[in-house]
Each structure stands twice: as C-alpha cells, then as structure tokens.
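Each residue of the first sequence is one higher than the one before, starting from 87 at the first, in this note's numbering.
A virtual CB, placed ideally from N, CA and C, is assigned to each residue, including glycine.
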Amino acid sequence: TPEAVHAIVEGMKWLGLDHDEGPFYQTQRMGRYKEVIEQFLREGKAYHCYCSKEELDEMRAGQTARKEKPRYDGRCRHRTAPAPGVTPVVRFRNPDEGSVVVDDVVHGPITFDSGELDDLIIARSDGTPTYNFCVVVDDYDMQVTHVIRGDDHINNTPRQINMLRALGVEPPLYAHVPMILGPDGTKLSKRHGAVSVLQYRDDGFLPEGLLNYLGRLGWSYGDQEIFTLEEMTRLFDIHDVNKGASALNVDKMLWTNQQHMMRATPERLATYLQPQLAMLGIQTDDLAKLAAVAKAQQERAKTLKEMAGNSTFFFREVVAYDEKAAKKNLTAETAPLLKAARDRLAALESWVAPRLHETIQAVAAEAGAGLGKIAQPIRVAVSGGSVSPPIDVTLEILGRETTLQRLDRAIAHCG
RNA sequence: GCUCCCAUCGUCUAGAGGCCCAGGACACAGCCCUCUCAAGGCUGGUACGAGGGUUCGAAUCCCUCUGGGAGCGCCA
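Dropping the structure here:
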C-alpha cells in the first residue's frame with residue numbers, strides 16, 4: 087500500500103540510511119517476471135498445475151495425519167493434457183535428487199535435502215508472479231552480490247538457489263542475521279509496541295541513538311557501547327554478527343539514546359526539540375533559546391520527548407506549582423530568602439549564569455545557609471516543580487523579566 | 001508432526017583449548033560528588049542449560065538430551 091511504502095521510505099530517510107539507486111517496485115516489473123515464467127515453461131523447468139484448492143487441502147491433511155511434512159507431491163509434473171475448465175498455476179520444477187548447500191556468511195554451510203523441497207508456485211492462476219520467484223528474478227537482473235536478511239528466510243533460500251541455477255547463474259552470497267525478539271523473548275509483535283521506525287522518531291529518539299542500539303544487537307566491537315555513525319559503518323563487519331536472536335531491552339535503548347543526546351550539539355538537538363514541544367502545544371521559532379534549553383537539558387533526559395516535557399516552563403507560564411514542592415519550599419520561612427534574592431537579582435547589571443550564581447550564593451551566605459536552602463525555593467518559584475537544570479543556568483535562560491515576575495508571584499504565594 | 005536454525009549474568013555481549021573459580025554494558029543495591037534532577041566516579045550480587053566424551057587441560061571441539069526460534073500458503 088502507499089502508506090506502507092511511505093513508512094519505509096520516510097523511516098530510512100529519518101535514519102539517514104541512503105541508497106544508490108531505486109527504489110524499484112515489483113509491481114512495475116510484471117512484464118519481466120512473465121517473460122521468465124514463459125522461459126521456464128518452454129525449457130521444462132516449470133509446469134502447469136491444475137490441482138484445486140480442495141485437492142491440495144486433502145493432500146496436506148493426509149500428510150499431516152501420516153506425520154509427514156505437508157508439501158506438494160508433484161502430481162501434475164507429468165500431466166500432458168490440460169484439465170478442462172481449470173486455469174492452472176505455474177510451479178517451478180525442483181530437482182528431486184541430491185541436496186542444496188547454502189553457504190551462509192553468518193551460519194556457515196547449511197544443507198538441505200532436495201526431497202524436502204517441493205515445487206513452489208511461481209505464478210498464480212490469474213498469472214501474477216509470487217514473492218519467492220520475483221526476488222530471484224530481481225537478484226538476477228540487478229546483479230545482486232549479497233543478500234542480507236532475517237534468518238526467518240533461511241528455509242526459502244534453497245528454493246531460490248535452485249531457481250537461480252535454472253536461470254544459469256551462481257547464487258549471490260547469503261547472510262542470514264538473527265531476529266530481534268520482544269522484551270519477553272517472544273516474537274516481536276505490535277503487542278510490544280513495535281509499529282514502525284517512525285514511532286521511535288515520534289517517541290523522541292535520535293536516529294543515531296536508535297541505530298546504535300539496534301547495531302549492537304547481534305554485533306559488537308570489543309567493549310565499546312557507543313558508536314558514531316561513522317564508526318559503525320567503518321567498524322561493522324558482517325562476519326562479526328552473532329547467530330542467536332536477541333531480545334529488545336527498552337532500558338538500554340533509552341540509555342543509548344541519552345548517551346547520543348549528551349554528545350549531540352545543542353543546535354541539532356534544538357531542531358528535534360522544536361517539533362516535540364509543538365506536540366505539547368508550544369510553538370516557537372526561537373532557535374537560540376531552543377539550543378540553550380537543549381544544552382541545559384541534554385544530560386537530563388533519555389529522549390527528546392522527555393526533554394520537551396521537562397522544559398515547558400521555559401516557554402510558557404507556570405500555571406500551577408507542584409503541590410508537594412510548593413508546600414515544602416514556598417513557605418513563610420522561605421519568603422524572606424526569596425525576597426532577598428529577588429531584590430539582589432533585580433539590581434544585577436549582567437544577567438548571566440556566573441553573576442546569578444554569585445548573587446544567590448551571597449544571599450545564602452548572608453542567611454547563614456547553604457546554597458540548597460535558597461536554590462530550591464527559587465527553582466520551585468520559576469519552574470513550578472522541584473527539578474530543573476542548575477538554578478543559575480535556568481534563570482539565565484528564563485531572563486530577568488520572567489524570573490522576577492515569577493519570584494514575585496511565588497513570594498505572594500508564600501502568604 | 002517434519003525440516004532448518006540457535007543456546008555465556010534478568011537483558012545486550014566479550015570469549016575462536018590454558019590469559020576465565022569468566023570481562024564489559026544496561027538494569028538493580030550501596031557509597032562518593034552535589035543547589036534539585038541528571039551526568040560522572042567507586043563498590044557489590046547474579047551466567048558458561050544438562051549429561052556424556054576428546055584432551056595433561058574445555059565456556060571454547062564432538063555426541064545425546066533439554067529448551068527456545070523459524071519455515072512448511074495461489075502471503076510477503
């Protein structure tokens with residue numbers, strides 16, 4: 087569907103995964119597939135099968151009852167005349183002797199007995215080609231050298247190799263990488279929240295954060311955990327990939343993302359923070375302020391979504407104080423401290439973090455108290471809660487006017 | 001059921017016969033740092049699925065079992 091195609095293309099674009107050509111659409115290559123089907127038919131490498139759905143079901147039921155692997159028994163292989171009133175499918179004629187060896191890059195040689203391979207349908211009764219056949223024609227036409235895919239495809243590989251050989255070419259190199267399981271070790275499904283890569287973008291992940299986490303699943307480079315895109319592309323080697331499946335771990339995924347957020351430039355974070363804030367109803371084009379906030383918050387959030395959530399007070403009024411924080415910090419006892427701080431701050435000439443820090447420190451010293459005694463009430467006053475970046479940095483970003491205004495309101499609240 | 005694949009801490013992994021009474025990371029616990037929260041530092045507990053071999057010596061090689069996964073469509 088167009089939506090599915092869009093999700094793939096957009097997802098890769100967001101991740102920065104580039105491609106040299108294409109994308110190609112199989113729906114636009116129908117003529118070519120039919121051409122190869124005709125060729126196979128002509129060369130006796132494929133044949134028409136007139137078996138009905140019911141007949142096939144019955145055959146499989148019998149095999150299952152006999153504890154055999156359900157598979158097509160080749161009954162139409164030697165049919166000479168068409169069955170009247172039936173539009174046939176086309177089946178590929180698999181060899182019935184010998185074996186096929188898939189020399190897999192990550193698994194090593196895997197042997198399949200030809201007897202295990204039945205004659206798969208390559209064209210439906212309406213003439214349209216099927217997946218396993220189309221990819222073979224594509225790999226052949228496009229001179230694909232490496233096929234890297236999930237190991238759920240291992241069992242398809244011997245048939246594809248047989249079709250490639252029927253085409254007269256040697257198969258490409260296959261590398262079957264392990265699957266990714268859900269956090270509970272079972273197959274990944276929507277149940278686990280895995281919908282599309284774009285979901286991770288919306289959840290506030292950095293492309294390099296997701297890529298790093300995913301890259302370390304089934305692959306490693308010594309004890310290194312954090313890789314830049316450049317390092318990953320340079321250091322990655324398909325031969326180092328593990329065979330076993332791995333389970334998704336949300337905690338580590340978040341940690342990996344945070345590590346990348348800490349390493350990213352504030353300016354870049356700002357461009358991702360902006361849409362996250364927009365989702366919270368905050369519209370701003372002040373890139374300088376966004377970058378300042380990102381810088382102050384970049385090691386305090388595991389995702390950009392979390393960062394946005396923690397940063398709303400920088401962009402809009404504090405509508406209500408956190409109840410517990412206010413009860414503890416905005417009291418009759420702290421009111422004089424806030425007042426003193428407010429007056430000293432108002433007199434400041436230069437509204438920058440070092441000056442702000444000195445000032446608050448001085449107020450605390452005069453009161454014979456530690457910095458925490460005064461910083462925390464100010465924090466609640468300006469942010470509404472008990473958590474924020476360092477108080478001097480927070481006030482600098484907020485600016486003089488907003489800070490004083492919020493302090494006044496907090497002092498009033500102290501009653 | 002049949003065929004194929006896989007197997008080191010809860011999770012991601014290092015380990016390609018002695019360097020391993022198994023190392024790193026996430027998570028967890030404690031401590032330090034500290035204006036909050038983080039980040040950072042230090043410390044701690046937890047793993048080679050089982051049983052047989054081979055070898056002077058096995059997490060590493062072989063076999064069996066057990067456990068998990070995938071495939072067996074006129075789906076992709």
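Counted within 10 angstroms of its Cβ, other Cβ atoms place residue i as buried (16 or more) or exposed
i, result
"residue 295", "buried"
"residue 244", "buried"
"residue 122", "buried"
"residue 388", "buried"
"residue 262", "buried"
"residue 360", "buried"
"residue 195", "exposed"
"residue 366", "exposed"
"residue 153", "exposed"
"residue 255", "exposed"
"residue 470", "buried"
"residue 143", "exposed"
"residue 110", "exposed"
"residue 324", "exposed"
"residue 310", "exposed"
"residue 301", "buried"
Straight-line gap, residue i to residue j (C-alpha atoms, nearest Å)
i, j, result
"residue 392", "residue 290", "7 Å"
"residue 477", "residue 396", "14 Å"
"residue 447", "residue 472", "19 Å"
"residue 434", "residue 440", "12 Å"
"residue 336", "residue 150", "41 Å"
"residue 169", "residue 125", "22 Å"
"residue 372", "residue 464", "25 Å"
"residue 92", "residue 104", "15 Å"
"residue 450", "residue 459", "7 Å"
"residue 238", "residue 189", "16 Å"
"residue 369", "residue 492", "21 Å"
"residue 420", "residue 494", "13 Å"
"residue 403", "residue 496", "13 Å"
"residue 305", "residue 235", "15 Å"
"residue 399", "residue 329", "48 Å"
"residue 178", "residue 90", "30 Å"
"residue 332", "residue 276", "17 Å"
"residue 334", "residue 87", "28 Å"
"residue 133", "residue 274", "38 Å"
"residue 407", "residue 455", "24 Å"
Presumed contact (8 Å Cβ cut-off) between residue i and residue j, rounded CB distance
i, j, result
"residue 260", "residue 191", "7 Å"
"residue 174", "residue 226", "Going by Cβ atoms, the distance from residue 174 to residue 226 rounds to 25 Å, so no, they are not a contact pair."
"residue 241", "residue 181", "Their Cβ separation, rounded to whole angstroms, is 17 Å, which puts residue 241 and residue 181 out of contact at 8 Å."
"residue 253", "residue 176", "Wrong, their Cβ atoms sit about 15 Å apart, outside the cutoff."
"residue 49", "residue 418", "No answer is possible for residue 49: it lies beyond the span of the chain, which begins at 87 and ends at 501."
"residue 299", "residue 339", "5 Å"
Spatial neighbours of residue i in its chain, beta-carbon cut-off 7 Å, leaving aside the 5 residues before and after
i, result
"residue 377", "352, 353, 356"
"residue 96", "284"
"residue 258", "225, 230, 231, 232, 233"
"residue 307", "321"
Nonlocal neighbours in the same chain, by C-beta distance under 8 Å from residue i, ignoring five residues either side
i, result
"residue 390", "290, 291, 292, 347, 355, 358, 359, 362"
"residue 485", "437"
"residue 457", "446, 447, 450"
Close beta carbons around residue i, own chain, < 6 Å, minus the five adjacent residues each side
i, result
"residue 172", "136"
"residue 380", "352, 355, 356, 359"
"residue 204", "157, 158"
Residue i CB to nearest heavy atom of the ligand SAM below 7 Å
i, result
"residue 213", "With respect to the ligand SAM, the structure shown offers nothing to examine, as it has no ligands at all."
Handout entry: Complete runs of the alpha helix (DSSP H) confined to the segment 393-439 [at least 4 residues]
Key = Under the rule that a run must span 4 or more residues, the alpha helix (DSSP H) segments found entirely inside the segment 393-439 read 409-415, 421-432.
Practice task
Run through the segment 268-296 for me and flag every whole alpha helix (DSSP H) of 4 or more residues, listed as ranges in chain order.
Solution key: Unbroken alpha helix (DSSP H) stretches of 4 residues or longer found wholly inside the segment 268-296: 283-288, given in chain order.
Exercise for the section: Only counting runs of 4 or more residues, tell me where the alpha helix (DSSP H) segments fall wholly within the segment 108-165, in order along the chain. Expected result: With a minimum length of 4 residues, the continuous alpha helix (DSSP H) runs that stay inside the segment 108-165 are 116-128, 139-151.
Practice task
Write down every uninterrupted run of the beta strand (DSSP E) in the segment 183-226 whose length is 3 residues or greater and which is fully enclosed by it, in chain order.
Solution key: With a minimum length of 3 residues, the continuous beta strand (DSSP E) runs that stay inside the segment 183-226 are 185-190, 194-199, 207-209.
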